[in-house]
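Below is one structure, written out as structure tokens, with a few remarks after it.
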């Protein structure tokens, strides 16, 4: 048994097929099958049960999969320790985040980070929270910046940003001419373009609808905030989105925003990384960079509240 075989085993378990594992590792399916066969002969145990093109891991395969996680975690830890003894920070930092974070936070943050640590190679992946958490758990990502809460004992979360969610409308929409803030009752029957069902942001918005006994007429839903803005600007519907994501369009007159009476919708975004492991120096440095730059990432709508003192979603003050 060698490291390559453990890597192949893990790729099969994560992708669910020999073909997909080969594509991930850039080797042929026959090479994948050959290495699995060698492992099965070595232990005299089947590692996978084949169901057509899909596979299911066996107890013996699970045991080796757990071993692979431990082995590769030890390798990452040892490599990080060696790099941390170097005067100049080097290595690869695998960073992941949602669409809004990748559009409005990472560009400025990473520009600042690279000025101080040009030797660090940064790789970024964007996707749904579920997919990105999977990358964290399997070691394919070192750090994530995601909308909280994340309820997973295997992961540590560190709150970083608070963002106010506002009602977003196309310029000239009838609601924009109503007295501000908008009454919740005025939203009944309106077509909505919303974030995708299942996301933390959408759950917060749905909780608002439930509190106000509003059954929204959802005409489109997506995790891509640029698509949401484009659809709202075209007149397809109205939405609820972070002020940061629509600040430029509101200044340009393409969109307009408003608060909703009796509601202060605030979402919290935070760092997420694996628990129980030594935090690599590159991760620590990036988090420290973010801390220094926080004032640049907390825009508040005109005459808005100080979000540093507001609890997420409910608008309550933090206990002092």
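Numbering (my numbering), first residue to last: 86 to 405.
Cβ coordinates follow ideal geometry from the N, Cα and C atoms, glycine included.
Contained alpha helix (DSSP H) runs [length at least 4] in the stretch 287-360, N- to C-terminal order = Listed in chain order, they are 310-318, 328-336.
Length of the line joining the Cα atoms of residue 182 and residue 264 | One-based indexing of the chain shown puts residue 182 at position 97. One-based indexing of the chain shown puts residue 264 at position 179. Between residue 182 and residue 264, the C-alpha separation is close to 37 Å.
Three-way DSSP call (helix, strand, coil) for residue 271 in this model = Numbered from 1 along the chain shown, position 186 holds the residue referred to as residue 271. When DSSP states are grouped into helix, strand and coil, residue 271 belongs to the helix group.
Rank 223, 241, 253 by C-alpha distance to the C-alpha of residue 334 and give the top, closest one.
-> Start at 1 with the first residue of the chain shown, and residue 334 comes out as number 249. Closest option to residue 334, Cα to Cα, is 253.
Euclidean distance between Cα positions of residue 370 and residue 175 | Position 285 of the chain shown, counting from 1, holds the residue named residue 370. Position 90 of the chain shown, counting from 1, holds the residue named residue 175. Answer to the nearest angstrom: the Cα atoms are 12 Å apart.
Sorted by chain position, which residues of the same chain lie with C-beta nearer than 8 Å to residue 78's C-beta, five sequence neighbours on each side aside?
-> Since the first residue shown for the chain is 86 and the last is 405, residue 78 is missing from the structure and cannot be characterised.
Expressed to the nearest angstrom, what Euclidean distance is found between the alpha-carbon atoms of residue 193 and residue 200?
-> Locating residue 193 in the chain shown gives position 108, where the first residue counts as 1. Locating residue 200 in the chain shown gives position 115, where the first residue counts as 1. In a straight line, the C-alpha of residue 193 is about 11 Å away from that of residue 200.
Own chain, CB closer than 8 Å to residue 290, minus 5 neighbours either side, in chain order = In the chain shown, residue 290 corresponds to position 205, counting from 1. Cβ contact annotation for residue 290 (same chain, cutoff 8 Å, sequence separation greater than five): 250, 279, 280, 325, 350, in chain order.
To the nearest whole angstrom, what separates the beta carbons of residue 302 and residue 276, a pair I think is in contact under 8 Å?
-> Here residue 302 refers to the residue found at position 217 of the chain shown. Here residue 276 refers to the residue found at position 191 of the chain shown. Rounded, the Cβ-Cβ distance is 5 Å, consistent with contact.
Measuring CA to CA, which of 224, 190, 213 is closest to residue 92?
-> Counting from 1 along the chain shown, the entry for residue 92 is found at position 7. Nearest neighbour of residue 92 by Cα position, chosen from 224, 190, 213, turns out to be 224.
Among residues of its own chain, excluding the 5 on either side of residue 306, which ones have a beta-carbon nearer than 8 Å to its beta-carbon?
-> What you label residue 306 is simply residue 221 of the chain shown in a count that begins at 1. Around residue 306: 278, 279, 280, 281, 282, 287.
Cβ of residue 356 within 8 Å of Cβ of residue 180?
-> In the chain shown, the residue the question calls residue 356 occupies position 271. In the chain shown, the residue the question calls residue 180 occupies position 95. Against a cut-off of 8 Å, the Cβ pair of residue 180 and residue 356 comes out as no contact.
Is it right to say residue 120 is buried, meaning 16 or more other beta carbons lie within 10 angstroms of its own, or is it exposed?
-> The residue given as residue 120 occupies position 35 in the chain shown. Buried, by the Cβ-count rule.
Kindly confirm or deny that the stretch 206-219 and the stretch 142-150 touch, where touching means at least three C-beta pairs closer than 8 Å.
-> Segments in contact, no.
If you scan the stretch 157-228 from start to end, which runs of the alpha helix (DSSP H) of 4 or more residues do you find wholly inside it?
-> For the stretch 157-228, whole alpha helix (DSSP H) runs of length 4 or above, ordered along the chain, are 184-189, 191-201, 214-222.
Please determine, among 103, 106, 378, 101, the residue with the shortest C-alpha to C-alpha distance to residue 245.
-> Against the chain shown, residue 245 aligns to sequence position 160. That would be 378, whose Cα lies nearest to the Cα of residue 245.
Please state whether DSSP places residue 112 in a helix, a strand or coil.
-> Here residue 112 refers to the residue found at position 27 when the chain shown is read from its first residue. In this structure, DSSP gives residue 112 a state outside helix and strand, which the three-state scheme calls coil.
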